[in-house]
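Chemist:
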Amino acid sequence: MFLQIKDLAFCYYRSKDYAIKNFNLEIEQGEIISILGESGSGKSTVLRLLSGLETPTSGIIRINNQIMTDDRHFVLPEKRGIGMVFQDYALFPHMTVAENIQFGLKKQTKRDKQQRVDEVLDLVNMAKLKKRYPHELSGGQQQRVALARTLAPKPSLLLLDEPFSNLDADLQIKIRNELKEIIKKTGITSIFVTHDREDSRAIADRIITMRDGAAYEWESICTTRKLEDKRVEVLTP
Ligand code: ADP
Ligand code: MG
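No gaps in the numbering here: position 148 of the sequence shown is 139 in this note's numbering, and each next residue is one more.
(1) With a 10 Å radius around its C-beta and 16 neighbouring C-beta atoms as the bar for buried, classify F1 as buried or exposed.
(2) Under the criterion of a Cβ to heavy atom distance below 7 angstroms, does E153 qualify as lining the ligand MG?
(3) Could you tell me which residues DSSP puts in a beta bridge with F1?
(4) Would you say the beta carbon of T48 is closer than 7 angstroms to some non-hydrogen atom of the ligand ADP?
(5) Mind reading off the beta-carbon distance from G50 to K7? Whole number of angstroms is fine, and I expect it under 8 angstroms.
(6) Label P84 either buried or exposed according to how many other C-beta atoms from any shown protein chain fall within 10 Å of its C-beta, with 16 as the threshold for buried.
(7) To which residues of the same chain is F77 closer than 7 angstroms at the C-beta, ignoring the five residues directly before and after it?
(8) Can you tell me which of the three DSSP states L44 falls into?
(9) In three-state DSSP terms, what is S32?
(10) Look up G130 in the DSSP assignment and say whether it is helix, strand or coil.
(11) Suppose you measure from the CA of G31 to the CA of Y207; what does that come to, to the nearest Å?
(12) Relative to the C-alpha of S25, which candidate in K176, K171, I166 has its C-alpha closest?
(13) Note down, in chain order, each residue of its chain lying with its Cβ closer than 7 angstroms to the Cβ of Q133, except the 5 sequence neighbours on either side.
(14) Ends of the alpha helix (DSSP H) at L114?
(15) Give the C-beta separation of N157 and G130 to the nearest angstrom, bearing in mind that I take them to be a contact with Cβ-Cβ under 8 angstroms.
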């Protein structure tokens, strides 16, 4: 098993309620998982806990058989080998596409960095636009650059937090198919968070539903209905 989250709980500072509780999830190497849930269900918080931006109240996170956090350990975010793509692409406006991607690459010769930049630009089909600035790109192109930048340091786990919410509907459909292809090509284990069930279905190997801070697998919710009904059932509690 590549990733294990066990009995995770988390409460934001000064908040009375748990944002995350009884959260359990196991993921195999190379799987693309989608966490599907309404706004406020705790999806972003799970990603923040995974990447080490927050410390859990209790529970265990293990990646590749190494403890990231439990009641005695905490591995710093930059040591976790996790890459994250956010809904606002957060590209540096004063840097070109190539410079944006190169920015996150450390401890390599200039030549190795440039080679890696070209590799990931090829992967996302943006090689021709490497000298452009973010404002000279469409939303979909910016999103692909953000993905390339995250993939450049070769993370072992890729987290995507509602990466399509700033794209218009037509583009969203095109990009989500592209995204699945790109992720599959890299073989990287990924968790894709969304409130859009069509996005989940298009991209994920397996869908997890979140409600009030806890996770549910489709199958564990109700066993008597057909798959299609189960999905609807989960979405309208
Ligand atoms: P989602 O990403 O599914 O929309 P979030 O993980 O952002 O949900 O939020 C889960 C819960 O935690 C919500 O009730 C939200 O109001 C609360 N929350 C999120 N961020 C903070 C914060 N910085 N401080 C206090 N409460 C927060
Ligand atoms: Mg969120």
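C-beta atoms are modelled at their ideal positions from N, C-alpha and C, and glycine is treated no differently.
Modeler: Short version:
(1) buried
(2) yes
(3) I11
(4) no
(5) So it is not a contact: roughly 19 angstroms between Cβ atoms.
(6) exposed
(7) D152
(8) coil
(9) coil
(10) helix
(11) 16 angstroms
(12) K171
(13) Y80, L82, P125
(14) 101 to 114
(15) 6 angstroms
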